[in-house]
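Novice: The numbering used here numbers the first residue of the sequence shown as 688 and each following residue consecutively. Would you mind keeping the following structure in view while I ask a few things?
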Amino acid sequence: MKELSEVLKDWEAVIGLEIHTELTSLDTKMFCDCRLSHDDEPNANVCPVCLGLPGALPVPNKRAIESIVKAGLATNCEIQKRSMFYRKHYFYPDMAKNFQTTQGPLAFCMHGRLDLEVTGRGAAERPECAFGEAEAESLASASANAVGLSTAMAQQMRSESTGAADAAGSPARGGSALAGMSGYDTAGIAVPVRRDDGSYTVPIRILRIHMEEDAAKMVHVGGEEGRIGGAAESLVDYNRCGTPLIELVTEPDLRTPEEARLFMEKLRRIFLTLGISDCSMENGSMRCDGNVSLRRRGETRLGTKTELKNLNSFKALHDGLAYEICRQAEVLEEGGIIYQETRHWEPGRKRTVVMRVKETADDYRLFPDPDLAPFDLTDEFIEHCRAEIPELPDAKRDRYEAEFGIKRADAEQIAGDPETAAFFEESAAGLSGKPAQAVANLIVNELAAYLKGVEGGIADCGIAPAQIASLAKLLAEDAISSNQAHEVFGLMAESGDDPEKIVDERGMRQVSDTGALQPIVDEVLERCADQAQQYRDGNTKVLGFLVGQCMKASRGQGNPKLFNELLREALG
């Protein structure tokens, strides 16, 4: 197959995501009082409601509704006061009642947007031809021609939801939100603009965030990579069945696997900050389905899409989409046909394989759930949810950059995790500029690496913000080098001692006195005359060797930055 970069020059990838997030911060399931858990014995937390027994009636979880409204507000969605639940029918052991309770075409949250900053090597995935006026036309045609469950339901139920005025002569509630699913205004679509350094910001529209219940957990014993294919037997754990689940569906605005990965990363940071889920991709509380189709650049008609199901890591999302784009291009260029189907990404073999033919809205036989009354959210309820939203990651990143003067990439990484952000703010209190950046470097590099090898999070690791602040001060003052800081961090984590004490007891403070270091520089240049001449002849790489000789001569106590400056000055 061709490389992704080569494929995307000729073909446009149209990508949309469906991201499922369990509301793990809640205590009970969506429609019953069964306890939420991931670690209990299988089938310990079940009842007639979540097992779908005859006569059992569902009761909605109010806190779950609050969580989805917060998610919608945090992703710039319009909160719909009027919505309802539907039954989505399918036969499979993971849903004992043979239907899933989900929302219809009008969800609690409609028509949002998140802006992605794409930098570095990831920005190079989008070719130059995917910018400008042509991209606006591409976005408009992709949205207008997209076929999916939501649009099919909207067309099917338009007369029911939007057709008539009510008795008072006012338009039916929900009309504006549904209208946005049938036609798109091409004039107002924002497009990405590439900056001089190759980076760009791309707006990704969110079609909807709807509420539903999760299915049970299937355990396939004996199958390859835990899949049903080749399994000797399949077991069902209904503990997860009925867990409150929100599903975010994007518009088909994504054009590269990197954009898809960044979108999911950003959404995860937002949901963690809101505190509505642990967003554990390893445990399945956050997972993603990726829909992708190809069309020749300049075409407005969409190609046939395939769906990659249950991608459970950022790498799997990126690599699975990249493979599928290249696979579809190869099939189409050889005159083959792409079928609408659900595929599974096999990370071990780095390929996608067919799971099943994709169902349509008609296959699911959706209709309003007769056991659940429509929802009418009040302004007071929505404002209550809005008041509980904390400072979101983007705003926190911008504040860290302005207030502490740290690098934007570090600010974004720190701001994305509430526990890390709180630790940083305590460590960097009263600091700005170089000392604050030193704190950020220690948290992003040293602390993050250390936490991978210990159990628990920051609160349980035994390292205090005051210790990080003390170590950062030593770095900012050039009292120790970055290599020494790594050593001091390890000793600090092991002993619990203050970094100042460790540095002084071990004689690790750097000498930054020019008068003390100049004789060492002179001696090294005299001893290494050949390397000095190489530098004068234009081989600047040899400077690293000379700095190393100076450090060796000073027994590691000289300031390498100052040695570098003195050597450059002496060598002219």
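Backbone N, C-alpha and C define an ideal beta-carbon position, used for all residues, glycine too. Note that the coordinates shown come from a computational prediction; the quantities given were computed from them, not determined experimentally.
Identify every residue that forms a DSSP beta bridge with H907.
Specialist: Indexing the sequence shown from 1 puts residue 907 at position 220. DSSP output for H907 lists S921 as bridge partner(s).
Novice: Could you tell me which of H897, E900, Y887 and T987 sits nearest to T943, measuring between CA atoms?
Specialist: Counting from 1 along the sequence shown, the entry for residue 943 is found at position 256. When each option's Cα is compared against that of T943, the closest is Y887.
Novice: Pick out whichever of S964, V1044 and T987 has its Cα sitting closest to the Cα of T993.
Specialist: Numbered from its first residue, the sequence shown carries residue 993 at position 306. With distances taken between Cα atoms, T993 lies closest to V1044.
Novice: If we call anything under 9 Å between Cβ atoms a contact, is R984 one with K696?
Specialist: Start at 1 with the first residue of the sequence shown, and residue 984 comes out as number 297. Start at 1 with the first residue of the sequence shown, and residue 696 comes out as number 9. Yes, these two residues count as a Cβ contact at 9 Å.
Novice: Helix, strand or coil for E900 per DSSP?
Specialist: In the sequence shown, the residue the question calls residue 900 occupies position 213. Strand.
Novice: Could you spell out where the beta strand (DSSP E) holding E1033 opens and where it closes?
Specialist: Here residue 1033 refers to the residue found at position 346 of the sequence shown. Note, E1033: beta strand (DSSP E), E1028 to E1033.
Novice: Rounded to whole angstroms, what's the CA-CA distance from R1255 to A1216? Just pull it up for me.
Specialist: Here residue 1255 refers to the residue found at position 568 when the sequence shown is read from its first residue. Here residue 1216 refers to the residue found at position 529 when the sequence shown is read from its first residue. Taking the straight line from one Cα to the other gives about 14 Å.
Novice: Per DSSP, what kind of secondary structure is G870 in: helix, strand or coil?
Specialist: For this step, residue 870 is matched to residue 183 along the sequence shown. Any reading at G870 must be qualified, since the residue scores a pLDDT of 42, below 50, and its modelled position is unreliable; the value itself is stated next. G870: coil per DSSP, three-state reduction.
Novice: Out of curiosity, what's the CA-to-CA distance linking L803 and G809?
Specialist: In the sequence shown, counting from the first residue as 1, residue 803 sits at position 116. In the sequence shown, counting from the first residue as 1, residue 809 sits at position 122. Roughly 12 Å separates the two Cα atoms.
Novice: Assess contact between the region 949-968 and the region 730-739, defined as three or more Cβ pairs (one per stretch) separated by less than 8 Å. Is contact present?
Specialist: Output reads no: the region 730-739 does not touch the region 949-968.
Novice: Do P890 and L1004 have their beta-carbon atoms positioned less than 9 Å apart in this structure?
Specialist: Counted from its first residue, the sequence shown places residue 1004 at position 317. Counted from its first residue, the sequence shown places residue 890 at position 203. No, they are not a contact pair.
Novice: Hey, is the region 737-749 in contact with the region 701-718, meaning 3+ C-beta pairs nearer than 8 Å?
Specialist: Because the criterion of three Cβ pairs below 8 Å is met, the region 737-749 and the region 701-718 touch.
Novice: Given 8 Å as the limit, is there contact between the region 970-983 and the region 697-712, that is, 3 or more CB pairs closer than that?
Specialist: Because the criterion of three Cβ pairs below 8 Å is met, the region 970-983 and the region 697-712 touch.
Novice: Any idea which residues DSSP pairs M1297 with across the strands?
Specialist: Residue 1297 is absent from the model: the chain starts at 688 and stops at 1259.
Novice: How would you label N1246, buried or exposed, when you count the other beta carbons within 10 angstroms and need 16 or more for buried?
Specialist: Taking the first residue of the sequence shown as position 1, residue 1246 is located at position 559. Classification of N1246: buried, given that the 10 Å Cβ count is 16 or more.
Novice: From what residue to what residue does the alpha helix (DSSP H) around D1217 run?
Specialist: Working through the sequence shown from its first residue, we reach residue 1217 at position 530. Counting along the chain, the alpha helix (DSSP H) containing D1217 begins and ends at A1216 to R1223.
Novice: Buried or exposed for A855, going by 16 or more other Cβ atoms inside 10 Å?
Specialist: In the sequence shown, residue 855 corresponds to position 168, counting from 1. Here A855 scores only 35 on pLDDT, less than 50, and its place in the model should not be relied on; the value that follows carries that caveat. So A855 counts as exposed.
Novice: Considering only C-alpha positions, which residue in the set I1150, E1099 and V1141 is nearest to S648?
Specialist: No statement about residue 648 is possible, as the shown extent of the chain runs from 688 to 1259 and does not include it.
Novice: When we look at the beta-carbon of N1226 and count the other beta-carbons within 10 Å, is it buried (16 or more) or exposed?
Specialist: What you label residue 1226 is simply residue 539 of the sequence shown in a count that begins at 1. Label assigned to N1226: exposed.
Novice: Below 8 Å, how does it come out for the region 813-821 and the region 1081-1097: are there three or more Cβ pairs, yes or no?
Specialist: No: the two stretches stay apart, fewer than three of their Cβ pairs being nearer than 8 Å.
Novice: Alpha carbon to alpha carbon, how far is E847 from V1141?
Specialist: To locate residue 847, count along the sequence shown from 1; it is residue 160. To locate residue 1141, count along the sequence shown from 1; it is residue 454. With a pLDDT of only 47 at E847, under the threshold of 50, the placement of this residue in the model should not be trusted, and no figure is reported.
Novice: R800 lies in the beta strand (DSSP E); which residues open and close that run?
Specialist: Counted from its first residue, the sequence shown places residue 800 at position 113. Unbroken beta strand (DSSP E) run through R800: C796 to V805.
Novice: Between the C-alpha atoms of E1106 and I1145, what's the straight-line distance to the nearest angstrom?
Specialist: Here residue 1106 is taken as the residue at index 419 of the sequence shown, counted from 1. Here residue 1145 is taken as the residue at index 458 of the sequence shown, counted from 1. C-alpha separation (whole angstroms): 7 Å.
Novice: Taking E1210 as the reference, which of G990, N785, F1250 and D1081 has the closest Cα?
Specialist: In the sequence shown, the residue the question calls residue 1210 occupies position 523. The option with the nearest alpha carbon to E1210 is F1250.
Novice: Hey, how far is the Cα of A851 from the Cα of D1050?
Specialist: Stepping through the sequence shown from its first residue, residue 851 is reached at position 164. Stepping through the sequence shown from its first residue, residue 1050 is reached at position 363. Confidence is the limiting factor: at A851 the pLDDT is only 36, short of 50, which leaves the residue's position unreliable, though a coordinate-based value still follows. Spanning the two alpha carbons is a distance of roughly 28 Å.
Novice: First and last residue of the beta strand (DSSP E) that includes I933?
Specialist: For this step, residue 933 is matched to residue 246 along the sequence shown. Element bounds for I933: P931 to T937.
Novice: Under the rule that 16 or more other beta-carbon atoms within 10 Å means buried, what is P658, buried or exposed?
Specialist: A question about residue 658 goes unanswered here, because the residues of the chain that appear run from 688 up to 1259.
Novice: On the DSSP bridge list, what partners appear for E994?
Specialist: Position 307 of the sequence shown, counting from 1, holds the residue named residue 994. In DSSP, E994 forms a bridge with N978 and T1029.
Novice: For D853 and L1059, I'd like the C-alpha separation in whole angstroms.
Specialist: In the sequence shown, the residue the question calls residue 853 occupies position 166. In the sequence shown, the residue the question calls residue 1059 occupies position 372. In this prediction, D853 has a pLDDT of 41, which is less than 50 and means its spatial position is unreliable; what the coordinates show is noted afterwards. Roughly 22 Å separates the two Cα atoms.
Novice: My assumption, with CB atoms under 8 Å, is that R1086 sits in contact with E699. Please give the rounded CB distance.
Specialist: Along the sequence shown, read from residue 1 onward, the residue named residue 1086 stands at position 399. Along the sequence shown, read from residue 1 onward, the residue named residue 699 stands at position 12. The Cβ separation is near 37 Å, so there is no contact.
Novice: What number of angstroms, rounded off, separates the C-alpha of A1240 from the C-alpha of V1175?
Specialist: Locating residue 1240 in the sequence shown gives position 553, counting from the first residue. Locating residue 1175 in the sequence shown gives position 488, counting from the first residue. About 22 Å.
Novice: Suppose only complete runs of 4+ residues qualify. What are the alpha helix (DSSP H) ranges in the region 1050-1084, listed by chain order?
Specialist: Complete alpha helix (DSSP H) runs here, min 4: 1066-1074.
Novice: Using a Cβ-Cβ cutoff of less than 7 Å, which residues in the same chain neighbour F1232 once the five nearest sequence positions on both sides are dropped?
Specialist: Walking along the sequence shown from the start, residue 1232 turns up at place 545. Correct list, in chain order: Q1218.
Novice: Please confirm whether M898 and I752 have their CB atoms less than 9 Å apart.
Specialist: Along the sequence shown, one-based indexing puts residue 898 at 211. Along the sequence shown, one-based indexing puts residue 752 at 65. The answer is yes: Cβ separation under 9 Å.
Novice: I need the DSSP call for F786, collapsed to helix, strand or coil.
Specialist: The residue you call residue 786 lines up with position 99 of the sequence shown. DSSP places F786 in strand when its eight states are reduced to three.
Novice: Just confirm the distance between the C-beta atoms of E822 and V878, as a whole number of angstroms; I'd bet it's less than 8 Å.
Specialist: Translated into positions along the sequence shown, residue 822 becomes position 135. Translated into positions along the sequence shown, residue 878 becomes position 191. Right, the Cβ-Cβ distance comes to about 5 Å (below 8 Å), so this counts as a contact.
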